[in-house]
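Only one structure is covered here, and it is reproduced in the block below.
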């Protein structure tokens, strides 16, 4: 059985490889090839290689798609496929739909241009050498015939549901996936991401018809935040139906963001970068940089009366009020208690790790020098997002706590653009609360 590998070679080396092995595609720094076990052993003695065979299985959450088995043929037929047995996939109506297109290797711009030229709309990169496009059943058949295309198929509706939530709707478990112990979810509230702004705005009516209340309409950010009060069984049915609304990219449970950074800078091995002594020292200080930190709050919240570690280097401080998606649950919608770090001190700690000058620790006994951040001469733009929530339901206070990162706006563009306009080109945020290691927006 042939194995798909990258052979890292360039220039004349590539010419030599192409004479002796089945090369599928040529790249600047490597070749994509199919080799037999005996060929693999031989070529590994001469070149650095990487086996990428397993990267051709498309991850769709709880399960995956084996792209060695075709779904759409060059004749336009949709063949049975194991990955679609548990889905509600049905014959597609006339019009445009979202499809997965897997290419024969790392995607080249020229390949995407070919797909566009055939009349398809590029929507988003997926994974595993795959792109999501929107097109008709007729055009996808033509795309399936392209020599650079490995596999095509309709984007399964279940793939539009976040893995943990998908497992819940299927009554399945995900191997190795466990919720973080501090995860807190707003019951019955979901974030629905769309491929485009128009998709989000046009979907409002359909979403309401499914029984959801629109908590926040952030079409400009390609998302809606929705709520349902139905029981578990009915919610599962609603979520499945929601995944079938045109343009839905991903449905996620609405996690309450919480700070998750307690790792000391020393573990990072930064002595060489900070030191000004020794041949291998770099003497880096962050001077000339403006760094944005978006966290709970900063000390007093007042730049004129601030911790000495930050004094004189604050470009801007801004507090963000409670986001509108909490309005129905709290007695202080839109509340803003300012930029001070009232509760955990997390934002002050993180900012110290980033750019604290060490002024507070000057001259302390037992220290070789001040305890300071990695960029101790950089300037700061601070965005305070922790707010005190006065919950309507006392049970919510017990479940979620009073102080949460509730100031994070659903449209993150507004958050990042403020920092950017203030001159920041580095942005630090330590928000947790959803699935481990997952970037959900």
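Residue numbers (the numbering used here): 3 to 443.
In this text, a Cβ means the ideal position worked out from N, Cα and C, and glycines have one as well.
| Neighbourhood of residue 162 by C-beta, 7 Å cutoff - its chain only, sequence neighbours within 5 removed | 245, 250, 251, 252 and 253.
| message | Is it buried or exposed, residue 265, if we count other Cβ atoms within 10 angstroms and call 16 or more buried? | response | Here residue 265 scores only 44 on pLDDT, less than 50, and its place in the model is too uncertain to base an answer on.
| task | Reducing DSSP to helix, strand and coil, say where residue 74 ends up. | result | Residue 74 sits in a strand when the DSSP states are folded into three classes.
| said: Which complete alpha helix (DSSP H) runs does the segment 121-177 hold, if anything under 4 residues is left out? | reply: The DSSP assignment places 139-146 and 165-172 as complete runs of the alpha helix (DSSP H) inside the segment 121-177, in order along the chain (cut-off: 4 residues).
| field | Reduced DSSP category for residue 95 - H, G, I as helix; E, B as strand; rest coil | value | Coil.
| request: Report the three-state DSSP secondary structure of residue 100 (helix, strand or coil). | output: In this structure, residue 100 counts as strand in the three-state DSSP scheme.
| query | Among 235, 131, 247 and 201, which one has its Cα closest to the Cα of residue 212? | reply | Looking from the CA of residue 212, the closest CA among 235, 131, 247 and 201 belongs to 247.
| query | Which residues in the same chain as residue 109 place their Cβ atom closer than 7 Å to its Cβ, once the five residues preceding and following it in sequence are excluded? | reply | Counting only Cβ-Cβ distances below 7 Å, and skipping sequence neighbours, we find 131 and 133.
| query | Among the residues of its own chain, which have a CB less than 7 Å from the CB of residue 23, if the five just before and after it don't count? | reply | Scanning its chain for C-beta atoms nearer than 7 Å, with the 5 sequence neighbours on each side dropped, one finds around residue 23 the residues 35, 37, 41 and 45, in chain order.
| query | The alpha helix (DSSP H) spanning residue 355 covers which residue range? | reply | Bounds of the alpha helix (DSSP H) holding residue 355 are 348-357.
| field | Sub-8 Å separation of residue 154 and residue 74 beta-carbons | value | For the 8 Å CB-CB criterion, residue 154 and residue 74 form a contact.
| task | For the alpha helix (DSSP H) containing residue 362, list its first residue and its last residue. | result | Boundaries for residue 362: no alpha helix (DSSP H) harbours it, and the DSSP string shows neither H nor E there.
| request: Quick one: grab the DSSP three-state call for residue 19. | output: Three-state result, residue 19: helix.
| request: Kindly confirm or deny that the segment 332-343 and the segment 300-314 touch, where touching means at least three C-beta pairs closer than 8 Å. | output: Yes, since at least three Cβ pairs between the segment 332-343 and the segment 300-314 fall closer than 8 Å, the two stretches touch.
| Can you name the residues that DSSP bridges to residue 35? | Residue pairing by DSSP puts residue 35 in a beta bridge opposite 7 and 25.
| request: Kindly indicate which three-state DSSP category residue 44 falls into: helix, strand or coil? | output: DSSP places residue 44 in helix when its eight states are reduced to three.
| Same chain only: Cβ atoms within 8 Å of residue 187, ignoring 5 sequence neighbours per side | So the qualifying residues of the chain are 255, 256, 257 and 258.
| field | Coarse secondary structure for residue 241, derived from DSSP in three states | value | DSSP, reduced to helix, strand and coil, places residue 241 within a helical segment of the structure shown.
| query | Is the beta carbon of residue 358 less than 8 Å from the beta carbon of residue 328? | reply | No, the pair does not count as a contact, with Cβ atoms beyond the cut-off.
| Residue from 29, 56, 76 and 142 with nearest C-alpha to residue 101 | When only C-alpha atoms are compared, the closest one is 142.
| field | Closest by C-alpha distance to residue 296, when choosing among 352, 185 and 194 | value | When each option's Cα is compared against that of residue 296, the closest is 352.
| query | Can you list, in chain order, the residues of its chain whose CB lies under 6 Å from that of residue 215, leaving out five sequence neighbours each side? | reply | Here the set comprises 229.
| query | Buried or exposed: which applies to residue 2, given that a residue is buried once 16 or more other Cβ atoms fall within 10 Å of its Cβ? | reply | With the chain running from 3 to 443 in the structure shown, residue 2 is simply not present.
| said: Taking contact to mean 3 or more Cβ pairs, one atom from each stretch, closer than 8 Å, check whether the segment 284-291 and the segment 217-236 are in contact. | reply: Too few Cβ pairs lie closer than 8 Å, so no.
| query | How would you call residue 115, buried or exposed, if buried means at least 16 neighbouring beta carbons within 10 angstroms? | reply | Around the beta carbon of residue 115, fewer than 16 other beta carbons lie within 10 angstroms, which makes this residue exposed.
| message | If I measure Cβ to Cβ from residue 120 and keep anything under 7 Å in the same chain, skipping five residues before and after, which residues do I get? | response | So the qualifying residues of the chain are 141, 144 and 145.
| query | With C-beta atoms as the reference, is residue 389 less than 8 Å away from residue 319? | reply | Cβ distance not < 8 Å, so residue 389 and residue 319 don't count as in contact.
| Runs of beta strand (DSSP E) wholly within the segment 288-358 (minimum 3 residues, chain order) | You should have 292-297 and 316-321.
| Excluding sequence positions up to five away, which residues of its chain have a Cβ less than 6 Å from the Cβ of residue 221? | If we look at residue 221 and ignore the five residues flanking it on each side, its Cβ neighbours are 199, 202 and 203.
| query | Of all the options 210, 125, 99 and 167, which has the alpha carbon lying nearest to the alpha carbon of residue 158? | reply | Selected option, being the one with the closest Cα: 99.
| C-beta contact flag for residue 9 and residue 107 at 8 Å | No, these two residues do not count as a Cβ contact at 8 Å.
| task | For residue 16, collect the residues of the same chain with a Cβ closer than 7 Å to its Cβ; drop the 5 residues on either side in sequence, then sort them by chain order. | result | Excluding sequence neighbours, residue 16 sits near 28 and 33.
| message | Suppose the cutoff is 6 Å on Cβ atoms and the five residues either side in sequence are ignored; what does the same chain contact list for residue 263 look like? | response | A caution first: residue 263 carries a pLDDT of 42, below 50, which makes its placement in the model unreliable, though a value can still be read off. Counting only Cβ-Cβ distances below 6 Å, and skipping sequence neighbours, we find 352 and 432.
| With 16 other CB atoms within 10 Å as the buried threshold, where does residue 382 fall? | Its Cβ being crowded by 16 or more others within 10 Å, residue 382 is buried.
| query | Tell me, which residues are paired with residue 425 by DSSP? | reply | Checking the DSSP bridge columns, you'll see residue 425 has no partner listed.
| message | Measuring only from the beta carbon, is residue 69 closer than 7 Å to any heavy atom that is part of the ligand ADP? | response | The ligand ADP is not among the ligands present in this structure, which contains no ligands whatsoever.
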